[in-house]
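For reference, the structure is listed below as structure tokens.
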Amino acid sequence: MVETIEMEGTSFKVSHIWLYVKDTQKSIQFYRDIIGFKVVETFPDGALLKAGEILIGVHREEDDRKSLPGGTSVIIYTQNIQKGYGILRQRGVTFLTQIEKEPYGLIASFKDPDGYLLELWQPS
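Structure, rendered in structure tokens:
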């Protein structure tokens, strides 16, 4: 079960995990046909698959992701990115980006102590 964490007037919840892969079709087939995930959305560079409450996105590996351990990013949903961004900065998080507007919402990126990419996300 995905738990929502309440914090200082806002909340956080893991939304989905992106796997950056070399062969999207091979990965989609693996997660769909072997593991049993359901494809909920496809797009030119990958797909979003679901098993229960868990969403995994497979996306064609991009050059800027190759330096990330395992080519993975964890997407953390928040209903108020401004507030969440401020709280995390106060707690010592160094963001890699300012809050950026993307077609799918607002996003700000940071890394955990081992270098894994995390993205704070407020959907549009």
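Whatever position you read off the sequence shown (first residue = 1), add 1014 for my numbering.
The C-beta atom is built at its ideal place from N, Cα and C for all residues, glycine as well.
Going along the chain, which residues of its own chain have a beta-carbon closer than 7 Å to the beta-carbon of residue i, five neighbours each way excluded?
i: serine 1138; result: Tyr1118 and Gly1119
i: lysine 1080; result: At lysine 1080, the pLDDT of 47 sits below 50, so the modelled position is not reliable; the number obtained from the coordinates is stated separately. Excluding sequence neighbours, lysine 1080 sits near nothing in its chain.
With a threshold of 7 Å (Cβ to nearest heavy atom), would residue i be considered close to the ligand PLP?
i: glutamine 1136; result: With respect to the ligand PLP, the structure shown offers nothing to examine, as it has no ligands at all.
Using only CA atoms, which one of the options lies nearest to residue i?
i: isoleucine 1068; options: Gly1100, Ile1095, Phe1051 and Glu1055; result: Phe1051
i: methionine 1021; options: Asp1126, Gly1129, Tyr1099 and Lys1125; result: Tyr1099
i: aspartate 1126; options: Gln1039, Ile1049, Val1107 and Asn1094; result: Val1107
i: glutamate 1116; options: Gln1136, Arg1103, Arg1105 and Gln1104; result: Gln1136
i: glycine 1066; options: Ile1019, Ile1042, Thr1056 and Ser1029; result: Ser1029
Considering only DSSP beta bridges, list what residue i is partnered with.
i: proline 1117; result: Bridge partners of proline 1117: none, in fact.
i: glycine 1060; result: Phe1057 and His1073
i: glutamate 1133; result: Ile1089 and Ser1123
i: serine 1025; result: Glu1020
i: phenylalanine 1109; result: Phe1124
i: lysine 1052; result: Lys1064
Ordered along the chain, which non-local residues of its own chain (more than five positions away) have a Cβ less than 8 Å from that of residue i?
i: glutamate 1076; result: Tyr1034
i: glutamine 1096; result: Ile1113
i: threonine 1038; result: Asp1059, Gly1060, Ala1061, Val1072, His1073 and Arg1074
i: arginine 1046; result: Lys1052, Val1053 and Leu1063
i: threonine 1024; result: Thr1092, Gln1093, Asn1094, Lys1097, Gly1098 and Ile1101
Is residue i helix, strand or coil when you go by DSSP?
i: lysine 1080; result: Caution is warranted here: a pLDDT of 47 is assigned to lysine 1080, below 50, making its placement in the model unreliable, and the coordinate value is therefore given only provisionally. Of the three classes helix, strand and coil, the one that applies to lysine 1080 here is coil, per DSSP.
i: isoleucine 1031; result: strand
i: lysine 1036; result: coil
i: serine 1041; result: helix
Output needed for residue i: all residues of its chain with C-beta closer than 6 Å, excluding positions within five of it in sequence on either side, in chain order.
i: isoleucine 1070; result: Ile1031 and Leu1063
i: glutamate 1133; result: Ser1087, Ile1089, Ile1121 and Ser1123
Quiz item: Would you say the stretch 1050–1066 touches the stretch 1103–1113, given that touching needs at least three Cβ pairs under 8 Å?
Solution: Judged by Cβ distances under 8 Å, the stretch 1050–1066 makes no contact with the stretch 1103–1113, as fewer than three pairs qualify.
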